[in-house]
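Below you'll find the structure, written out as structure tokens, and then a few comments.
Numbering (the UniProt record's numbering), first residue to last: 1 to 275.
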């Protein structure tokens, strides 16, 4: 009756009376010998061999976190290397866990620890920059209005759609590390978009007509429209650049877009005044 030979690293069918010699070496045995050589004799070649054997794991983990966070892959690969060194020094064979599993958990933990320290998990550079603008805008508007600003007021100030502001706040105000698998509760980065993407989604021929219509505006109006929609600056930033108050910029922008709607035609609803 067939049975299982449990001593091999894989399942092997055998029959009674059949003699099966144990394998000369297994992957686990090899890693144990390398660990022993490095720990007991300081064999650097053994250490290098361990890194070679686990190189794929290092690259996969570093790549996964790099893709999720926007952080440089090479930086995260160095963190992963430190995690493997920690695993080599901390592994206890008597625990029963295979070194590969122990190393994976240790490297993953080191990467997560790095991101917890730097608060970069799932926060691309562009989102961090935009969030910094959002915080500054919140302080400005609170001082100006004498109350916390509404989401719509913040959205207009930083030139981002209201739902984008909500997602941005969700992304940065979460206290737990967001799952890299995008589980429930993760912020929708695609929703964090500029108002200009809403207003200037036009066919090519309409864009040409719109560009021609811009020539009818005053020089100041053209400059403000360009800075707001094409340079993605807030009204306050434009005012600082041009030496104008935010209210003056807002009025100039509104009058420019009103003029464009008139020139563009009654059905040119795509060109709207933000806010």
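Where a beta carbon is used, it is the ideal one built from N, C-alpha and C, also for glycine.
Please return the same chain residues whose Cβ sits closer than 6 Å to the Cβ of residue 225, not counting the five positions on each side in sequence.
Its chain contains 256 as the residues whose beta carbon lies nearer than 6 Å to that of residue 225, once the 5 sequence neighbours on both sides are disregarded; these appear in chain order.
Alpha-carbon to alpha-carbon, residue 214 and residue 261
In this model, residue 261 and residue 214 are separated by some 11 Å (Cα to Cα).
Measure how close the beta-carbons of residue 54 and residue 127 come, nearest whole angstrom, since I'm counting them as under 8 Å.
With 8 Å as the limit, residue 54 and residue 127 do not qualify as a contact, their Cβ atoms being about 32 Å apart.
Leaving out five residues on either side along the sequence, give the residues of the same chain with a beta carbon under 6 Å from the beta carbon of residue 258.
Sequence-distant partners of residue 258 (beyond 5 residues in either direction) whose C-beta falls short of 6 Å from its own C-beta are missing from its chain.
Roughly how far, in whole angstroms, is the beta-carbon of residue 114 from the beta-carbon of residue 172, given that I think they are within contact range, below 8 Å?
Not quite, the Cβ-Cβ distance comes to about 18 Å (not below 8 Å), so this is no contact.
Look at the Cβ atom of residue 43, then the Cβ atom of residue 37, and state whether they are nearer than 7 Å.
Yes, Cβ-Cβ distance for residue 43 and residue 37 is below 7 Å.
Return the CA-CA distance between residue 254 and residue 238, expressed in angstroms with no decimal places.
Rounded to whole angstroms, the separation of the alpha carbons of residue 238 and residue 254 is 14 Å.
Alpha helix (DSSP H) runs contained entirely in the UniProt domain "RNA polymerase sigma-70 region 2" (51-118), provided each spans 4 or more residues
For the alpha helix (DSSP H) assignment, the uninterrupted runs of no fewer than 4 residues enclosed by the UniProt domain "RNA polymerase sigma-70 region 2" (51-118) are, from N- to C-terminal side, 55-69, 73-90 and 99-118.
Using the three-state DSSP reduction, which class does residue 270 fall into: helix, strand or coil?
Its pLDDT being 44, under 50, residue 270 is placed unreliably by the model, and the measurement read from it follows with that caveat. DSSP places residue 270 in coil when its eight states are reduced to three.
With a CB to CB cut of under 6 Å and the five nearest residues on each side skipped, what residues in its chain are close to residue 227?
Excluding positions up to five away in sequence, the list reads 233 and 238.
Going by C-alpha distance, which of 56, 140, 61 and 93 is nearest residue 245?
Ranking 56, 140, 61 and 93 by Cα distance to residue 245 puts 140 first.
Assumed close pair residue 158, residue 137 - CB separation to whole angstroms, cut-off 8 Å:
Residue 137 and residue 158 do touch by the CB rule: their CB atoms are close to 5 Å apart, below 8 Å.
Under the rule that 16 or more other beta-carbon atoms within 10 Å means buried, what is residue 133, buried or exposed?
Classification for residue 133: buried.
Would you mind stating whether residue 86 and residue 106 have Cβ atoms separated by less than 7 Å?
The Cβ atoms of residue 86 and residue 106 lie closer than 7 Å to each other.
Cut-off 7 Å between Cβ atoms - residues of its own chain near residue 151, not counting five sequence neighbours on either side:
Excluding five sequence positions before and after residue 151, the CB atoms of its chain that fall closer than 7 Å to its own CB belong to 162, 165 and 166, given in chain order.
Express the C-alpha separation of residue 149 and residue 99 in angstroms, rounding to a whole number.
Each residue's alpha carbon lies about 54 Å from the other.
In chain order, which alpha helix (DSSP H) runs of at least 4 residues are fully inside the segment 214-243?
Those alpha helix (DSSP H) runs which fall completely within the segment 214-243 and span 4+ residues are 219-225 and 235-242.
If you draw a straight line from the C-alpha of residue 220 to the C-alpha of residue 240, how long is it?
Cα to Cα, the separation comes out at about 14 Å.
Counted within 10 angstroms of its Cβ, other Cβ atoms place residue 183 as buried (16 or more) or exposed
Per-residue confidence for residue 183 stands at a pLDDT of 43, beneath the threshold of 50, marking its modelled position as unreliable; the derived number appears in the next sentence. Label assigned to residue 183: exposed.
Relative to the C-alpha of residue 47, which candidate in 34, 59 and 170 has its C-alpha closest?
For the options 34, 59 and 170, the alpha carbon positioned closest to that of residue 47 is the one of 34.
DSSP-derived helix/strand/coil call for residue 42:
Residue 42: coil per DSSP, three-state reduction.
Under 7 Å Cβ to Cβ from residue 84, same chain only, skipping five residues before and after it: list those, please.
Taken in chain order, the residues that qualify are 51, 54, 58, 103 and 107.
Can you tell me whether residue 262 is helix, strand or coil according to DSSP?
Residue 262 falls in the helix class under three-state DSSP.
For residue 129, the first and last residue of its enclosing alpha helix (DSSP H):
Counting along the chain, residue 129 sits inside the alpha helix (DSSP H) bounded by residues 125-145.
Beta-carbon within less than 7 Å of residue 49's beta-carbon, same chain only, minus the 5 sequence neighbours each way: which residues are those?
Excluding sequence neighbours, residue 49 sits near 34.
With burial defined as no fewer than 16 other Cβ atoms inside 10 Å of the residue's Cβ, what is the status of residue 101: buried or exposed?
Flag for residue 101 reads exposed.
What number of angstroms, rounded off, separates the C-alpha of residue 252 from the C-alpha of residue 153?
Going from the Cα of residue 252 to the Cα of residue 153 covers about 18 Å.
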